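Q: Below you'll find the structure I mean.
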Amino acid sequence: MRNKIIIVTGDPNSINSEIIYKVWKRLKNSIKKNIYFISNFSLLNSQFKKLNYSIKAIDIKNIAESTNHEKLKVINIDLKFKKPFNVSNFYASKFVKESLNCAHDLCLDKTVKGMINCPINKKLININSNKNLGITEYLAKKCNVKNNSEAMLISNKRLIVTPITTHIDIKDVSKKINKKIIINKIKTINTWFYNKFRKKPNFGVLGLNPHNSELKKNSEEKKIILPAIKKLRKDGFNIKGPLIADTTFISDFKNYDVIIGMYHDQVLTPFKTLFKFDAINMTLGLKYLRVSPDHGVAKDIIGKNRANEMSLQNCINFIYNSKNEIR
């Protein structure tokens with residue numbers, strides 16, 4: 313039975329230990345017993361101590377151990393840290409990558425329902441690399457995802473948004489979108505949505521350019537986005553577009569289950585403006601269910617007791633309440 317939840321504590325220079333503590337205090341014991349944290353045991357305890365948090369944690373070797381234990385269970389990433397915060401980028405990067413690799417391996421176990429990674433500064437994934445990967449791309453590569461069919465969703469009970477391109481510079485967006493990628497990602501989302509809600513979603517697809525470039529002959533809308541929409545519509549998808557990006561989120565977004573944008577900020581900025589922390593970040597197309605809080609590391613408020621734990625709570629609730637077949 314898939315009932316275990318893996319939580320990666322993420323970036324050590326962050327508010328993660330604060331949101332973990334706030335959520336852990338109010339979780340039911342029936343949920344706590346199925347949660348396993350990937351972290352450095354000494355580091356996490358020193359962070360709790362620095363923040364004056366009283367919390368009981370135990371160091372375990374694997375997820376087959378202490379399955380009924382209600383204490384915070386930590387699978388240790390064996391590194392040495394001198395300070396609870398202000399960890400060097402070199403050690404933070406090593407810690408984050410080893411944590412994600414460990415979580416990936418554990419999530420292939422048939423008893424694991426899914427994983428949550430707490431916020432991570434993306435540059436830690438890309439140290440000593442010319443690549444520009446986010447967690448979505450990092451895990452997709454480890455899962456050997458083909459044809460760019462993985463999809464990053466920002467989701468709550470009222471709306472889902474997805475960017476076709478994720479963590480790339482604006483100047484590169486037009487080079488990275490094509491008909492096949494748009495179709496593959498929308499098909500991935502459609503399959504997941506139908507399996508979860510037992511109905512076909514209504515998709516709205518945004519154009520790339522201001523006013524959809526008036527659908528000029530050589531525009532991305534005319535050459536790429538519209539042909540993808542027509543093909544999906546022909547295949548029976550409920551889909552409209554290209555929609556005008558600068559007005560869709562005024563009120564028209566309510567007509568859609570999923571809004572597809574061409575780049576990260578095109579959909580995430582209006583979504584976060586509307587819903588604040590009431591959302592989770594989800595990756596579809598992996599070999600397991602992966603979600604994360606929909607916010608960053610917030611280094612500027614470490615130790616100030618101002619972090620909002622709602623998104624992490626939503627992540628735990630989402631995985632805990634998901635059906636086992638949703639992967």
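Under this note's numbering, the first residue of the sequence shown carries the number 313, and numbering increases by one thereafter.
Where is the CB? At the ideal position from N, CA and C, for every residue including glycine.
As the structure is a prediction and not an experimental result, all values here were calculated from the model.
Are there 16 or more other CB atoms within 10 angstroms of the CB of Ser531, so buried, or fewer, so exposed?
A: Flag for Ser531 reads buried.
Q: Is the beta carbon of Asp606 sitting closer than 7 Å to the one on Ala619?
A: No, these two residues do not count as a Cβ contact at 7 Å.
Q: Determine the contact status of Ile347 and Ile327, defining contact as a CB-CB distance below 7 Å.
A: No; because the gap between Cβ atoms is not below 7 Å, this pair is not in contact.
Q: With distance defined between alpha-carbon atoms, name the residue in Leu356, Gly322, Lys542 nearest to Leu436.
A: Nearest C-alpha to Leu436: Gly322.
Q: Using a 10 Å radius around the Cβ and a threshold of 16 neighbouring Cβ atoms, would you call His523 buried or exposed?
A: Exposed.
Q: Since Lys454 and His416 are thought to touch, with beta carbons under 8 Å apart, how far apart are those beta carbons, to the nearest angstrom?
A: Confirmed, about 5 Å.
Q: Taking the alpha helix (DSSP H) that Ser366 belongs to, which residues open and close that run?
A: Here Ser366 belongs to no alpha helix (DSSP H), and DSSP marks it neither H nor E.
Q: If you draw a straight line from the alpha carbon of Asp484 to that of His576, how long is it in whole angstroms?
A: Approximately 12 Å between the Cα atoms of the pair.
Q: Just curious, the beta strand (DSSP E) that Pro513 is in, first and last residue?
A: Element bounds for Pro513: n/a, residue is neither H nor E.
Q: Between the Cα of Ile367 and the Cα atoms of Lys344, Thr500, Leu418, which residue gives the shortest distance?
A: Of Lys344, Thr500, Leu418, the residue nearest in Cα terms is Lys344.
Q: If Asn433 and Asn460 are in contact, beta carbons under 8 Å, what's the gap, nearest whole angstrom?
A: In fact, because the Cβ distance is near 24 Å, the residues do not count as touching under 8 Å.
Q: Which residues bound the alpha helix (DSSP H) around Asn388?
A: Element bounds for Asn388: not the alpha helix (DSSP H) but the beta strand (DSSP E), 384–388.
Q: Look at Ile551 and Asn490 and say whether their C-beta atoms are less than 7 Å apart.
A: No, the Cβ-Cβ distance between Ile551 and Asn490 is not below 7 Å.
Q: Measure the C-alpha to C-alpha separation of Val335 and Asp547 and round it to an integer number of angstroms.
A: Taking the straight line joining both Cα atoms gives about 43 Å.
Q: Keeping to the same chain, check which residues put their C-beta closer than 7 Å to that of Ile493; ignore five residues upstream and five downstream.
A: Result list for Ile493: Asn460, Ile476, in chain order.
Q: Classify Asn328 as helix, strand or coil using the three-state DSSP reduction.
A: Of the three classes helix, strand and coil, the one that applies to Asn328 here is helix, per DSSP.
Q: Quick one, which of Phe360, Val399, Asn357, Met427 has its alpha-carbon nearest Ile631's?
A: Looking at the Cα atoms, Met427 is the closest of the given residues.
Q: Nearest-angstrom Cα distance between Leu445 and Leu363?
A: Leu445 and Leu363: Cα-Cα distance of roughly 31 Å.
Q: As an exercise, report each continuous beta strand (DSSP E) stretch of at least 3 residues that is fully enclosed by the stretch 408–462, in chain order.
A: Entirely contained in the stretch 408–462, the beta strand (DSSP E) runs reaching 3 residues are, in chain order, 424–429.
Q: Using DSSP with H/G/I as helix, E/B as strand and the rest coil, what is Leu355?
A: Note: Leu355 maps to helix in three-state DSSP.
Q: For the beta strand (DSSP E) that contains Asn574, what are its first and last residues?
A: The amino acid occupying residue 574 in the given sequence is Met; Asn does not appear at that position. Unbroken run through Met574: none, as it is neither H nor E.
Q: Taking 7 Å as the threshold (C-beta atoms), are Leu538 and Gly642 in contact?
A: In the structure displayed, the chain extends from 313 to 639; residue 642 sits before or after that span and is not available.
Q: What residue range does the alpha helix (DSSP H) around Val485 cover?
A: That run of the alpha helix (DSSP H) goes 482–488.
Q: Per DSSP, what kind of secondary structure is Tyr348 in: helix, strand or coil?
A: Here Tyr348 sits in strand by DSSP.
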